[in-house]
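Residue numbers (UniProt numbering): 1 to 165.
For reference, the structure is listed below as structure tokens.
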């Protein structure tokens with residue numbers, strides 16, 4: 001696959017829930033989305049940066065959504081669903097995948113920020129289409145098949161002083 005160069009058009013898709021829960025469980029800290037975006041882009045041409053977030057009606061989430069916009073992300077927000085048995089669910093896997101496939105003809109590189117192995121097939125598809133796929137996540141909680149399916153992998157846990165607040 002192609003190497004990194006300044007003319008590359010890059011899209012960054014962030015599974016905010018996946019990164020949040022991993023950063024909290026491993027380090028009891030939050031993600032530095034500004035540093036994440038800077039490393040993901042690496043002086044290339046940013047086409048689109050999307051952060052997929054869940055609205056859970058917590059008091060600080062609106063300021064978080066606004067901070068994402070200030071950093072340069074487009075937040076896509078989904079309300080959490082509560083089922084009759086009390087369980088809650090919300091995930092963006094299909095939405096992220098559809099956006100990635102839609103963006104494929106407009107980018108050279110997709111940076112996928114998640115450790116979710118469900119995205120390994122997406123990575124394989126995009127690479128087949130000629131898109132370079134880079135994954136950024138915490139290696140200790142990232143599916144091996146996702147790492148294997150990507151062109152490159154950045155372990156956020158290796159550089160927690162950079163990527164965590």
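Note that beta-carbon positions come from the ideal geometry of N, C-alpha and C, so glycine has one too.
Environment of residue i [buried if 16+ CB atoms lie within 10 Å]
i           : result
residue 94  : exposed
residue 69  : exposed
residue 134 : buried
residue 132 : buried
For residue i: DSSP bridge partner residues
i           : result
residue 153 : 135
residue 9   : 45
residue 55  : 79
residue 110 : 11 and 133
residue 164 : 31
residue 50  : 13 and 74
Beta carbon of residue i nearer than 8 Å to that of residue j
i           : j           : result
residue 204 : residue 140 : Limits of the chain in this structure are 1 at one end and 165 at the other, which puts residue 204 out of reach.
residue 143 : residue 99  : no
residue 4   : residue 163 : no
residue 104 : residue 124 : no
residue 72  : residue 49  : yes
residue 154 : residue 39  : yes
residue 52  : residue 14  : yes
residue 121 : residue 151 : no
residue 45  : residue 7   : yes
residue 24  : residue 54  : no
residue 165 : residue 136 : no
residue 138 : residue 47  : no
Nearest-angstrom beta carbon gap, residue j and residue i [assumed within contact, 8 Å]
i          : j           : result
residue 11 : residue 107 : 5 Å
Interface flag, residue i vs chain D, CB-CB below 8 Å
i          : result
residue 19 : Absent from the structure is chain D; it holds one protein chain and no more.
Problem set entry | Segment contact, 8 Å Cβ cut-off, at least three pairs: the segment 107-125 with the segment 81-88 | no
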